[in-house]
Amino acid sequence: MKRTDLIIVGGGPAGMAAALAAREKGIRDILILERDKELGGILNQCIHNGFGLHTFKEELTGPEYAARYVDMVREKKIQGLLNTMVIDVQGGNPCRVTAMNREEGMFQIEARAVVLAMGCRERPRGAMNIPGYRPAGIFSAGTAQRYVNIEGRMPGREVVVLGSGDIGLIMARRMTLQGAKVRMVAEIMPYSGGLKRNIVQCLDDFGIPLKLSHTVTEIHGRERVEGVTVAKVDENLAPIPGTEEYVACDTLLLSCGLIPENELSQAAGAEMDDVTQGPVVNARLETTAEGIFACGNVLHVHDLVDNVSIEAERAGAFAAEYILEGRGDWGEALRPKIPAKSKSTLPEGRDASSQLICIGCPVGCLITVEKKEDGSLNITGNTCQKGEAYARNEFTAPVRTVTSMIRVEGGRGKVVPVKTASEIPKGKIGECMDEIRRAKALAPVRVGDVLIKNVAGTGVSVIATGNMD
Amino acid sequence: MYDVIIIGAGVSGCAIARELSRLELKTAVLEKALDVCEGTSKANSGIVHAGYDAIPGTLKARLNVEGSRKMEALSKELDFSYRRNGSLVLCFDEKEQDKLTELKERGEESGVEGIRILSRQELVSLEPEVGDEAVAALYAPTGGIVCPFGLTIALAENAADNGVEFYFGREVKGIERKEEGYLIDTGEETYETRVVINAAGVYADQIHNLVSKAFMEITPRKGEYLLYDKKTGGMVSNTLFQLPTALGKGILVTPTVHGNLLTGPTAQDIGDREGTNTSREGLAQVSAKAALSVKRVPGRDVITSFSGLRAHVTVRPKAGDHGYVGEEEDFVIGEAADAPGFIDVAGMESPGLSCAPATGEYVAGLVKKLLQPEEKKNFVSTRKGIPNMALASDEERHRLIRENPAYGNVICRCEMVTEGEILDAIHRTLGAVTVDGIKRRTRAGMGRCQSGFCNPKVVEILARELGKDESEIRKSGKDSWFLVNKEKEQL
C-alpha cells in the first residue's frame, strides 16, 4: 500500500491553501486528491471578479485566484492526482483513504493525517418542495454557471432566478451579459442573502427586479419549463393567496443555499454539528475522527474565498503539527467563528441621483454625493478612499469591469475566462459583450494574454483570466 | 405483417412482450415516448404487494399473489433489484382491529402465505420507529419492494434480445379493422398485425374505443410522493401501510430497494392524462399522514417529490359486450367481444406492478389460444444488468476497471455511478437515449444533489456516444431540451 504523510481531499481553494501551509511547516509528502480535471475547484467557474481583496490585496476573478494557488502548489512541488474520486476515508494511526480513477483503478493510501476539503453542494429543487411539473430547464445556479462559464453553453433564454444569494445574483448578471433575458430574482426572505454590491452591479445595473418576500409556488411546463408562478409570502414565509403572478420563462435557476458535502466525514465516523452541517472540530480544526482535519466549505459555508484560504492555512498547519508532534489532548469542541450571513437590502426611498451603494468591497457603504455650487462634489458616507473615488466616478462617468469568456479553438477546454484589463464606461458594456461573444482565441492561452485590443473603442484590452493548453 | 403488436412499453406491456418472446411470433411494441417505462411504471410506490388487498377470486387478487410469488426468481433471472422486506398494515384505532382480521382472512383466501396480526408490542419490536398511535398491525412477510424501472427495463431488454421489436416515438393515432387483423396508424408509419394488445396505461380507454363499441373510460388517479435522502432509508425495514383513517385513505412509508425512504401516495382523480404535477396541498397531505406511521418524518431530508397517474377505470365496458374475467374494480384484461384479436390490458392500477410477471403469462396465454404458436427453441431466459460499482465488491471493481478504465471514472458522486456504467446503459440493448433514460438505468442523478453535479457530464457523454450536439440531448420527451446553443455557435 502507498504511504504518504498528508492527504488532502479536494483541490479547491481550501485544499490548496492547506497543502501549502503544511509544506511551509516542513511536511514533505503531501498528496492532493481532486475529482475534477484540474485544481481550483468551484473557483474555475466563478469567472466574475471580487476575489482576493484580503489575500492578495487586489481584486481578482475566481480563475485568477485559483491560478495563483495552482502556481504556488506547482512551485512547491506538491503532488496531486486529478480526475480521482475519494470514496472512503478512515481515521486512525495511520489514516486510510480509498480512491478511484481511470488509470489506477481503485486504490488505498495510508497517511499520517488527512485534511477534508471537499467543499459544498447546492440545495436541489426537491429539497425545497416546489410543486409543479419536473421538466428540463430547472438548474441549480452553480450547474448553470458551469454550463455557461466552462462549457460555453447557454441553458436558456428567459430566466427566473429563485434565491438572491451571491450565486443567484451573479448568475442573473451572467445570463444577461450572455444574451438571455432575466425576468426577475425572487427571494423568499425580506432581505437578500447576497452582498449589497452584487445587488447593485448584478441586478440594478441591468434593471433586473429583485422581488423580496416572494417565492416560486409552482413550476409549469411538462417537457421544458414554460413558466413559474411567483407569489408574495407572509411573515411565516407562507405564500399569500391572491398574490400569485404567472411569469413566462424557459429556465428556472435555483440559488437557495449551500450544504457542506460531508458524506466522507460521516463515513469516517466524525461527529457532525447540526448548526454548521459540518464536522465538529476542536481549536485545531481536528474532527473527532483520529487524524482527520477539516476546513473550507466542508466545515461550514463561507461567504468569501479569502476566509476559506485563511481557515485552510490553519488546518494545514495544525495537521502538520499533528504529524510532527503527535496527537495532543483533543480538548474541547470549538465551533469556527462564522460571520453573520449577509442580510442585504438597499435602503428604501434612496434617491438614486445622489445616493450610491459602493461596490468596491463587500461592506457596501451608502455614499451621498452632493454637487456644490462651485461644481465640485461633496462626498460623505464612504469609509475608505476607494469609496470616494468610486462615488466620484459613479456620479460623473460610471465604469465597470466586465468579465466573460471567449471561445477557444485547439485547446483542451471549450472557452477561456476573460475580463477587461481595467474598468470601462458602463454604457459600453453591451458593445463590449458583443465583441467578446463573437471573438475566438487559439490555444494555448495564459493568464494575462491580450485577446481583444481596444474593446468597443475604449482603449481597454480584454485579457485572459485563466490558462488553456 | 406482425403476429402481435403491443401498444405501450410500460411494465405490463414489457412483461407481455417478454412472455411472447418465448414463442415463435413476430412481435413488436409501439411506444409514444422515447424510452420504456415513461408512464405509470416510472412513478409509483415500487411495492410488490403480498396480495391481501384485492377481493378473492378477482384477477387482481390472482395475478397479485402469482406475481408476488414469481418476482424473486424473476429478479435473479433478469438481474433487477427486488427485496422481500415484509409489509405491515397499521391500525390506529382499537375499534378497527376487525378490519385487520378481515384483511387477513381475505389474504388467506387468496393464498397469501404467513400473514398474521401483531400486537402493539410485537409491532414495536419489529419497527421501533413506528408511530405512537399504531395499536396493531397486519404483518405479511411476503410483501416486497422492487425497482420499478429496473423491472420494466429488464423485461424489455430480455424481450428485445429474444427478437421483439421496439419502436419509440410512435403514438398510435388510429386502428383499422382488417379482414385478417388490424392496421395500426402512428401518423408516419402503419403496422399490420393479427393481434393487438392494448397496454396503453392511462390512454388504454382511448385505444380501446378506437376499435370497440363497448365504451370504456379511464380517469387518471394522481398520487403524489416524497422521496428522502438515503441516510433515512433505515428508519423502517418493512413497508408500512395504513388502514383508512379519519384523514381518508392511508399512505405508505417504505424503504426503497435503493435505500431511500419513500412516502405517499395521495389519491386524486383528475381529468388531465399528463397531469403529473405535484401540488402544495398534496405534498403537505403526504407529510401529515406519514407522521401517523412513524415517530418522526425527516422533512429536512426530502430530496425530491414526484407524482404518478394510475389508470383507474371509471366506465367499464358493459357485461356481455366483452370477454373479460372479473367484476367491477377489477383489471380489464381480455379480448374485446366485438373486436376479435384485440386484447385489452387496461385499468392496471395498483397492484399492477406486482402483477406484471403474472400478467405477462396470463396475456401470453390468451395469445396462445388465438394464434397457437410454437415455443421458441433458442429463447434465452436470462439477462445481465448494468454492473453497479457502488455495490460491487472490491475484487469486482478491480476487474471492471481493468476491463474498461471508464469504470474508474465517477460521474455521479452521490450515487457513485461511473462512466463505464453510463456507457453500458447507452450501448446495450434498447440503450438509453435521454438523460432520464440514463438516470433510470444507472441512478446517475437520483441522489441527494439531484443531478446538480453530473447533469453536464451525462449530457456530454450522451452527445459524444450518440454522435449528437449537446443541444440535441433531451431529458425525456422531444421538447425537453437542456441547452440553447450548438458547440461552435457564439456564446
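Note that the protein sequences, when read in sequence, are chains W and P. Per our numbering: the first sequence = residues 45 to 513. Per our numbering: the second sequence = residues 80 to 570. Quick reminder that beta carbons are idealized off the backbone N, C-alpha and C, glycines included.
From P:Gly510, P:Gly464, P:Leu157, P:His391, pick the residue whose C-alpha is nearest to that of Glu296 of chain P; which is it? P:His391
So which residues on chain W does Phe532 of chain P lean against when the C-beta distance must stay under 8 Å? Arg165, Thr187
When you compare each of P:Thr106, P:Asp114, P:Leu230, P:Thr180 to Ser160 of chain P by their alpha carbons, which one comes out closest? P:Leu230
Determine contact between the segment 144-157 of chain W and the segment 346-360 of chain P, defined as no fewer than three beta-carbon pairs at a distance below 8 Å. no
What is the DSSP secondary structure of Asp473 of chain P, counted as helix, strand or coil? helix
In chain order, what are the residue ranges of uninterrupted alpha helix (DSSP H) at least 4 long that sit wholly in the segment 454-527 of chain P? 473-482, 498-506, 514-521
Using a C-beta cutoff of 9 Å, does Ser124 of chain P count as contacting chain W? no
Which residues of chain W have a Cβ atom closer than 9 Å to the Cβ of Ile517 of chain P, listed in chain order? Those do not exist, as Ile517 of chain P stays about 14 Å from chain W at its closest Cβ, beyond 9 Å.
7 Å Cβ shell around Leu254 of chain W - same chain, five flanking residues per side excluded: Ser208, Val229, Glu231, Ser236, Ile243, Leu247
With respect to the beta strand (DSSP E) encompassing Ile131 of chain W, which residues constitute its N-terminal and C-terminal limits? 129-134 is the extent of the beta strand (DSSP E) around Ile131 of chain W.
Going by C-alpha distance, which of W:Ile411, W:Ala363, W:Glu392 is nearest Thr331 of chain W? Residue W:Ala363 is the option with its Cα nearest to Thr331 of chain W.
Under a CB-based cut-off of 9 Å, is Ala485 of chain P close to chain W? yes
Grouping DSSP H, G and I as helix and E and B as strand, with all else coil, what is Ala157 of chain W? Correct three-state label for Ala157 of chain W: strand.
Beta strand (DSSP E) runs wholly inside the segment 182-226 of chain P, at least 3 long, in chain order: Entirely contained in the segment 182-226 of chain P, the beta strand (DSSP E) runs reaching 3 residues are, in chain order, 195-198, 215-219, 223-225.
Cβ neighbour criterion (16 or more within 10 Å) applied to Met45 of chain W: exposed
Counting only runs of 3+ residues fully inside the segment 296-376 of chain W, write out the beta strand (DSSP E) ranges in chain order. 302-304, 336-338
On the premise that Asp114 of chain P lies in contact with Thr513 of chain P, defined as a C-beta separation below 8 Å, what is that separation, rounded to the nearest angstrom? 6 Å
Since Ile382 of chain P meets chain W, which of its residues come closer than 8 Å, beta carbon to beta carbon? Pro168, Gly170, Ala171
Determine the chain P residues that contact Glu267 of chain W at a beta-carbon separation under 9 Å, and present them in chain order. Arg553, Lys554, Ser555, Gly556, Lys557, Asp558, Ser559, Trp560
By alpha-carbon positions, which one of P:Gly302, P:Asp82, P:Cys116 ends up nearest to Gly510 of chain P? P:Cys116
Can you find the residues in the same chain that come closer than 7 Å, C-beta to C-beta, to Val78 of chain P, ignoring five residues on each side of it along the sequence? Only positions 80 to 570 of chain P appear in the structure, and residue 78 of chain P is not among them; the question remains open.
In chain order, what residues of the segment 330-359 of chain W put their CB closer than 7 Å to some CB of chain P? none
May I ask which residues mark the beginning and end of the beta strand (DSSP E) holding Glu432 of chain W? Here Glu432 of chain W belongs to no beta strand (DSSP E); instead the alpha helix (DSSP H) covers 429-440.
Which value, in whole angstroms, describes the spacing of the CA atoms of Pro277 of chain W and Glu453 of chain W? Note on identity: in this sequence residue 277 of chain W is Val, with Pro being the wrong assignment. Roughly 48 Å separates the two Cα atoms.
Which residues, taken in chain order from the segment 193-212 of chain W, show a beta carbon closer than 7 Å to some beta carbon of chain P? Glu195, Gly196, Arg197, Met198, Pro199, Gly200, Arg201
Per DSSP, what kind of secondary structure is Ala542 of chain P in: helix, strand or coil? Under the three-state reduction of DSSP, Ala542 of chain P is assigned to helix.
Contacting residues, own chain, Cβ-Cβ under 6 Å from Phe439 of chain W (five flanking each side not counted): Val413
Would you report the Cα separation of Tyr282 of chain P and Arg352 of chain P, rounded to the nearest angstrom? 8 Å
Comparing C-alpha positions only, which one of P:Gly92, P:Pro135, P:Leu541 sits nearest to Ala239 of chain P? P:Gly92
Residues bridged to Tyr81 of chain P by DSSP? P:Thr272
For the segment 105-127 of chain W, list every residue whose C-beta sits within 9 Å of some C-beta in chain P, in sequence order. Asn127
With DSSP run on the structure shown, which of helix, strand or coil describes Phe95 of chain W? strand
How long is the line joining the alpha carbons of Gln380 of chain W and Val345 of chain W, rounded to whole angstroms? Note on identity: in this sequence residue 380 of chain W is Pro, with Gln being the wrong assignment. So the two alpha carbons sit approximately 11 Å from each other.
Neighbour flag for Pro535 of chain P against chain C, beta carbons, 9 Å: The chain inventory of the structure shown lacks chain C, comprising the protein chains W and P.
Please report the distance separating the alpha-carbon of Asp350 of chain W from that of Ile382 of chain W. 13 Å
Determine the DSSP secondary structure at Ala122 of chain P, reduced to helix, strand or coil. Reduced to three states, the DSSP call for Ala122 of chain P is coil.
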